[in-house]
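Numbers 14 to 206, taken from the working numbering, label the letters of the sequence shown in order. We put the beta carbon where it would ideally sit given N, CA and C, even for glycine. Computed from a predicted model, the values in this text were never measured in an experiment.
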Amino acid sequence: MNYLAHIFLSKNNIDYQLGNLLADPLKGRAWENCPPLFIEGMQMHKAIDKFTDRHPLFKQSKARLGNRGYLRGVVIDVVYDYMLCRNWNGYSQLTLKEFIDDFHQEASMRIESYPNKAKNFASKVIQHNALRSYNSIEGLELTFQRINRRLSDRIKAKESMEGYIPIVLVQLTEIEKDFNQFFPELVEFVKAN
């Protein structure tokens, strides 16, 4: 799962949501005197990733992109956020716009007290409107381009995020079926933990 799902699957607390969002860029390390709910959010991020990576439906979605490729999991993480946008009303009483607006507003205020690395990453997510970018195919392509720019030269020599766009478009219906079976199970897992 990518940014939107991690925030959505968080407790309704901005520190928890930011911990869930920032777990990867901070490599799972919190700063001294960090809010306890931020740490809980980081722990939930790890649990969500573990559940997702081991799930047969996620593996099935990855296989729809071919048998090989280092980036297939990252591609499906992002595509699943796109699917969450497409199916948002089935999971939330708030509109997607309301949810993102609320997160942006609360996060913008809260990150002022965070260390620079955390603040800078969260600021970029807000400034680039990353959470809204999952709402269209064009936004999905832009997200792939942004991720591509962060990849090492070694990985780019083998494959690129953008190289997956044609097959994602062909497999979109099947990936959505996988997502629609998988995501309710993930929601139940998060509620239970």
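- Around the CB of alanine 18, 16 or more other CB atoms lie within 10 Å, so the residue is classed as buried.
- In the three-state reduction of the DSSP assignment, threonine 108 falls in the coil class, being assigned neither a helical nor a strand state.
- Membership of histidine 19 in the alpha helix (DSSP H) is indicated by the continuous run 16–21.
- Just so you know, the alpha carbons of aspartate 114 and isoleucine 139 end up roughly 10 Å apart.
- Judged by DSSP in its simplified three-state form, glutamate 172 adopts coil rather than helix or strand.
- At a Cβ-Cβ threshold of 8 Å, arginine 67 and leucine 78 do not count as neighbours.
- Secondary structure at arginine 167: helix, using DSSP grouped into helix, strand and coil.
- Under the three-state reduction of DSSP, tyrosine 127 is assigned to coil, being neither helix nor strand.
- C-alpha of serine 74 to C-alpha of valine 91: approximately 12 Å in a straight line.
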